[in-house]
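Residue numbers (this note's numbering): 23 to 205. Ideal Cβ placement from N, Cα and C applies to all residues, glycine included.
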Amino acid sequence: MQILAISGSLRKGSYNTAALRACNELLPSGMTMRIATIADLPMFDQDVFDAGIPEPAKRLRAEIAQADGVLIASPEYNFSLSGALKNAIDWASRPPNQSWQDKPVAIFSCTQGPLGGARVQYDLRRILVQLWAHVLPRPEVFIGNAPGKFDAQGRITDENTKKFLTDLLAGFKPWIERMKVKK
Ligand SMILES: Cc1cc2nc3c(=O)[nH]c(=O)nc-3n(C[C@H](O)[C@H](O)[C@H](O)COP(=O)(O)O)c2cc1C
């Protein structure tokens, strides 16, 4: 079972990206994960799409299509998604063969403030669900006060955070099996 991970933050020291890296060690057996690159996507433009999908967008669309599930780690920017994450979702969302159709997705969010992205997750769900992605309903994982939960190398030091992510990934596996569309 192959998982494609997408971080909504482009910065080097991102807690969301660090949490995704940490997920590699928390995966249930039989699941592998790799992190997609979205930093090289141009801003979505339907004219550009129609003239020929740019390579980075083609790559992302193929990666999502091939993955058994997508794990999204999202920062919260001004109570909602980062532009980078919305842009990636948009590139993958245009027909033909929009990449989110019937795709199992799990999400979590990570912020430096105390709420952990309580507002962004519902925007993210709303966007993905109308694209017919199957977003894992629970557990919801909000990692707040992130600077106190990671060391300088980006490793998670907080045992509860590790457990929340472990539970999320453990729940994602049967969700993917359950949501598999017979073709
Ligand atoms: C443009 C911008 C807007 C932000 N808005 C929010 C917000 O609405 N809520 C929140 O909890 N944190 C907000 N933050 C703080 C981010 O949660 C914090 O920078 C976090 O570390 C971003 O995730 P990252 O570490 O993966 O880059 C904002 C940060 C930026 C750059």
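Exposure label - Tyr37; buried when at least 16 CB within 10 Å: buried
Which stretch, first to last residue, makes up the beta strand (DSSP E) that contains Ala61? No beta strand (DSSP E) contains Ala61, which DSSP labels as neither H nor E.
When every heavy atom of ligand 1 is checked, does at least one fall within less than 8 Å of the C-beta of Tyr144? No, the Cβ of Tyr144 stays beyond 8 Å of every heavy atom of ligand 1.
Work out the CA separation of Ile75 and Pro118 for me, nearest whole Å. 11 Å
Distance between Pro97 and Ser31 (C-alpha atoms, nearest Å): 6 Å
Heavy atom of ligand 1 within 8 Å of Glu47 beta-carbon: Taken from the Cβ of Glu47, every heavy atom of ligand 1 lies 8 Å or farther away.
Neighbourhood of ligand 1 [Cβ distance below 7 Å to any heavy atom], ordered by chain position: Ser29, Ser31, Arg33, Gly35, Ser36, Tyr37, Asn38, Thr39, Pro97, Glu98, Tyr99, Asn100, Phe101, Cys132, Thr133, Gln134, Gly135, Leu137, Gly139, Arg141 and Ala168
Sufficient close CB pairs (3 or more, under 8 Å) joining the segment 67-86 to the segment 42-49: no
Strand pairing of Gly166, partner residues [DSSP]: Looking at the DSSP output, Gly166 shares a beta bridge with no other residue.
Determine, using beta-carbon pairs with one atom in the segment 144-155 and one in the segment 165-172, whether at least three such pairs fall under 8 Å. no
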